């Protein structure tokens, strides 16, 4: 009898397989403006962006955040990268019997504070308590709904060809030749911060999670226009994001290693742990694909946001190549693949 | 250090306390047409009904259903009792490492079949796998969005006073003197079916879960009009539902024991187990409060639905009494209180 394995939940190729072989096989999946089958960050149905995320992050508290702030930020970002502004969030909790009340209070307060930063409210919730040993402390599900950004039509006007936006919303299949790739800041911080707090790792670092709601930053980029796709590099990291875009848009992507923003603390932790910073999940970053003529203005707008100060142009889309290619410091070229599993399980 | 206890997740008074002392204390809760503070079945924000439910039901498979069909039915019903029709559902899963793939497939297929019955689609999802021992097999979160029923304004036209519907949507504070209470069918079946399949109970019964989507039934009742409140008696059962209505609407409720539809198999199981059928959760029932002049027509409409064949008028709202009063077979009167904890934990 075949059984589910940990690597199937890890955001890499194995998870894609699980989703294709089970979720898409058993569920009707072609409904909506951006349907389930798009496997994008959110679905669009009747003009409403709708997304869900379950958080099983371990440990629950880590440098710079906790499961509450993480959940709210992650769901706000999944709505926002579809070109929608968040309207409301839900919060469903599974609590293990014996969980400290004070921790629950802290986590809810963090969720509320993060929601306030994003100018969105948690409007509905559900609480389940299960017996000792039936869950690992606390699991949180946040779902989110959003409505079409008022800047989306202007954004689309700046996109050159009608081939783009198959669904009239920015999505993973929106890229075409020449699009410029912009990342909103350094990558890998969330994963490294998390590992530093995890039992059995426990190395010293000053790295903190980057988890933050990015709806304001994204809105300011949309105001400029010309954005063909947006996505947050969560499970599977930048490597997974770029491969999803490349596959779904059927276009090659090149990224320059020297342009990738990575903090030195993240680099040294990754070296020590033997993991690739491109494969680590982030929770407060977004990658934009932008038509070349708008890329400078979008970069400036992103850099003007507090969360985007260290944004960089990291590469471009090219129909001359297949897949994702990293141009290394030394001038070599390396194929970047989606991780099979994930170097850091239970990152979110 | 205070710790969360099982009874706080059980849908009774202890859970209400947990929600008031933690969720409502830490989260901003006054946003929307029906806000979080209403603690109703769904919130209404910007014209969208939005609800979330986490399912930790044990066991995952039980007579007549499984966690997949249960989750879809429960969330469809929570949207529908607000006077909205379901537009889309999400599905977030936490899977324990080692979970059988074939069970996952069966559960997804059941979820899809139930969604098809309700004419709604699961449009977005999330999958997390946690290590062996970190979760109890499978937990499912379904969130749902809905839009205002086209029949809601006609329904409101049939309600006599402007005092009703403080939020212009049917909700728990909508009842007033003389409203007639209708239950759509026999109560207690889901809880008894579940217990019969649970390790350590294992009694013989032919009772099956009543879990079913009720949006069609509710729509046909709304077409008649005059409905002042609707609610599904899930955790805490009918006892909890009636007490919530009584408190939030500030009105007494009387229910006649002889009019309560309860299957004989449910009655005998409850007697054997020493639990009160009024306190057991249901997943395919709805209770309506209706102005008297519309009650006969609403009852007929409900009885014409396949899920409502055994609907009954069970009582009425009365400003002459406080709380919830059951008139027993013998002509006595008994106060019905919300259960403190819950006779059947992990029922949904």
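Residue numbers (the numbering used here), protein chains in the order written: chain A, -19 to 328; chain B, -19 to 328.
By construction, the Cβ of each residue, glycine as well, lies at the ideal position given by its N, Cα and C atoms.
The structure displayed is predicted, hence computed values, not measured ones.
If the cut is a Cβ gap below 7 Å, which residues of chain A does residue 89 of chain B touch? Sequence index remark: in the second chain, residue 89 of chain B carries index 109 (1-based). Neighbours of residue 89 of chain B on chain A, chain order: 6.
Does residue 306 of chain A have its Cβ less than 8 Å from a Cβ in chain B? Within the first chain, residue 306 of chain A is the residue found at index 326, counting from 1. No Cβ of chain B is located within less than 8 Å of the beta carbon of residue 306 of chain A.
When you compare the CB of residue 15 of chain B with every CB in chain A, is at least one pair closer than 8 Å? Within the second chain, numbered from 1, the residue matching residue 15 of chain B stands at position 35. It does: the Cβ of residue 15 of chain B has a partner Cβ on chain A nearer than 8 Å.
Quick check on the DSSP output: the alpha helix (DSSP H) that includes residue 282 of chain A runs from which residue to which? Translated into positions along the first chain, residue 282 of chain A becomes position 302. Annotation: the continuous alpha helix (DSSP H) that includes residue 282 of chain A extends over 272 to 283.
Please name the residue or residues paired with residue 139 of chain A in a DSSP beta bridge. Your numbering for residue 139 of chain A matches position 159 in the first chain. Answer by DSSP bridge pairing: none, since residue 139 of chain A is not bridged.
Mapping DSSP to helix, strand and coil, what is residue -17 of chain B? Taking the first residue of the second chain as 1, we reach residue -17 of chain B at position 3. For residue -17 of chain B, the three-state secondary structure derived from DSSP is strand.
At a cut of 8 Å, does the stretch 293 to 300 of chain A reach the stretch 178 to 189 of chain A through at least three beta carbon pairs? Inter-segment contact for the stretch 293 to 300 of chain A and the stretch 178 to 189 of chain A is absent: fewer than three beta-carbon pairs are separated by less than 8 Å.
Sorted by chain position, which residues of the same chain lie with C-beta nearer than 6 Å to residue 20 of chain B's C-beta, five sequence neighbours on each side aside? Here residue 20 of chain B refers to the residue found at position 40 of the second chain. Around residue 20 of chain B, the same chain offers 14, 151 and 152 as residues with beta carbons nearer than 6 Å, after the five sequence neighbours per side are excluded.
What residue from B:-2, B:116, B:77 and B:75 has the CA that sits closest to residue 39 of chain B's CA? One-based indexing of the second chain puts residue 39 of chain B at position 59. For residue 39 of chain B, the closest of B:-2, B:116, B:77 and B:75 by C-alpha to C-alpha distance is B:116.
Rounded distance between the beta-carbons of residue 270 of chain A and residue 208 of chain A, thought under 8 Å: Locating residue 208 of chain A in the first chain gives position 228, counting from the first residue. Locating residue 270 of chain A in the first chain gives position 290, counting from the first residue. Residue 208 of chain A to residue 270 of chain A, Cβ: 7 Å. Contact.
Mapping the DSSP letters down to three states, classify residue 306 of chain B as helix, strand or coil. Within the second chain, residue 306 of chain B is the residue found at index 326, counting from 1. Here residue 306 of chain B sits in strand by DSSP.
Environment of residue 309 of chain A [buried if 16+ CB atoms lie within 10 Å]: Stepping through the first chain from its first residue, residue 309 of chain A is reached at position 329. Exposed.
Restricting to runs no shorter than 3 residues, where is the beta strand (DSSP E) found entirely within the stretch 134 to 205 of chain B? 160 to 163, all fully within the stretch 134 to 205 of chain B.
Looking at the secondary structure, which residues open and close the alpha helix (DSSP H) in which residue 52 of chain B lies? Here residue 52 of chain B refers to the residue found at position 72 of the second chain. That run of the alpha helix (DSSP H) goes 47 to 60.
Rounded C-alpha distance that separates residue 113 of chain B from residue 75 of chain B: Along the second chain, read from residue 1 onward, the residue named residue 113 of chain B stands at position 133. Along the second chain, read from residue 1 onward, the residue named residue 75 of chain B stands at position 95. A straight-line Cα-Cα distance of about 11 Å links residue 113 of chain B and residue 75 of chain B.
Drop a sphere of 10 angstroms on the beta-carbon of residue 58 of chain B, count the other beta-carbons inside from all chains shown, and report buried for 16 or more, exposed for fewer. Working through the second chain from its first residue, we reach residue 58 of chain B at position 78. Burial state of residue 58 of chain B is buried, judged by a 10 Å Cβ sphere holding 16 or more other Cβ atoms.
Which of helix, strand or coil DSSP assigns to residue 80 of chain B: For the purposes of this step, residue 80 of chain B is taken as residue 100 along the second chain, with counting starting at 1. DSSP places residue 80 of chain B in strand when its eight states are reduced to three.
Out of B:164, B:205 and B:203, which one is the CA nearest neighbour of residue 190 of chain B? To locate residue 190 of chain B, count along the second chain from 1; it is residue 210. Checking every option, the nearest Cα to that of residue 190 of chain B belongs to B:164.
Would DSSP call residue 314 of chain A helix, strand or coil? To locate residue 314 of chain A, count along the first chain from 1; it is residue 334. Strand, per DSSP.
Just checking my contact of residue 257 of chain B with residue 167 of chain B at CB under 8 Å: how many whole Å lie between their CB atoms? Numbered from its first residue, the second chain carries residue 257 of chain B at position 277. Numbered from its first residue, the second chain carries residue 167 of chain B at position 187. Confirmed, about 6 Å.
Given this structure, state the Cα-to-Cα distance separating residue 304 of chain A from residue 318 of chain A, to the nearest angstrom. Numbered from its first residue, the first chain carries residue 304 of chain A at position 324. Numbered from its first residue, the first chain carries residue 318 of chain A at position 338. Spanning the alpha carbons of residue 304 of chain A and residue 318 of chain A requires a straight line of approximately 9 Å.
What does the alpha-carbon distance come out to for the pair residue 160 of chain B and residue 127 of chain B? Numbered from 1 along the second chain, position 180 holds the residue referred to as residue 160 of chain B. Numbered from 1 along the second chain, position 147 holds the residue referred to as residue 127 of chain B. Residue 160 of chain B and residue 127 of chain B: Cα-Cα distance of roughly 26 Å.
For the beta strand (DSSP E) containing residue 237 of chain A, list its first residue and its last residue. Here the question's residue 237 of chain A lines up with position 257 in the first chain. Taken as a continuous stretch (DSSP letters only), residue 237 of chain A belongs to no beta strand (DSSP E), as it is neither H nor E.
I'd like to know if residue -14 of chain A contacts chain B, where contact means its C-beta is closer than 8 Å to some C-beta of that chain. Position 6 of the first chain, counting from 1, holds the residue named residue -14 of chain A. Yes, contact with chain B.
Which class does residue 112 of chain B belong to by DSSP, given the choice of helix, strand or coil? The residue given as residue 112 of chain B occupies position 132 in the second chain. Note: residue 112 of chain B maps to coil in three-state DSSP.
Give the DSSP bridge partners of residue 330 of chain A, in chain order. One cannot answer for residue 330 of chain A here, as it falls past the ends of chain A, which runs -19 to 328.
Within 8 Å (strictly less), CB to CB, does residue 142 of chain B reach chain A? Sequence index remark: in the second chain, residue 142 of chain B carries index 162 (1-based). For residue 142 of chain B, the predicted structure reports a pLDDT of 48, less than 50, and the residue's modelled location is therefore unreliable. A value from the coordinates is still provided. Cβ-Cβ to chain A under 8 Å: no for residue 142 of chain B.
Determine the extent of the beta strand (DSSP E) in which residue 123 of chain A is found, giving its start and end residues. As a working note, residue 123 of chain A is residue 143 in the first chain. Its beta strand (DSSP E) spans residues 118 to 128.
Output yes if chain A places a C-beta closer than 8 Å to the C-beta of residue 327 of chain B; else output no. Residue 327 of chain B sits at position 347 when you count from the first residue of the second chain. Not an interface residue.
Go ahead and pull the three-state DSSP assignment for residue 255 of chain B. As a first step, residue 255 of chain B must be located in the second chain, where it is residue number 275. DSSP places residue 255 of chain B in the coil class of the three-state scheme, outside both helix and strand.
Using the three-state DSSP reduction, which class does residue 69 of chain A fall into: helix, strand or coil? As a position in the first chain, residue 69 of chain A is number 89, starting the count at 1. It is a strand residue.
Local conformation of residue 265 of chain A per DSSP, three classes: Walking along the first chain from the start, residue 265 of chain A turns up at place 285. For residue 265 of chain A, the secondary structure class from DSSP, reduced to helix, strand or coil, is coil.
Just checking my contact of residue 155 of chain B with residue 275 of chain B at CB under 8 Å: how many whole Å lie between their CB atoms? As a position in the second chain, residue 155 of chain B is number 175, starting the count at 1. As a position in the second chain, residue 275 of chain B is number 295, starting the count at 1. Not quite, the Cβ-Cβ distance comes to about 13 Å (not below 8 Å), so this is no contact.
Amino acids of chain B, ordered along the chain, whose beta-carbon sits closer than 7 Å to that of residue 85 of chain A: Translated into the one-based positions of the first chain, residue 85 of chain A becomes position 105. Those are 2 and 6, listed as they occur along chain B.
Distance cutoff 8 Å, beta carbons only. Does residue 36 of chain A sit that close to anything in chain B? Counted from its first residue, the first chain places residue 36 of chain A at position 56. Residue 36 of chain A has a beta carbon lying within less than 8 Å of a beta carbon in chain B.
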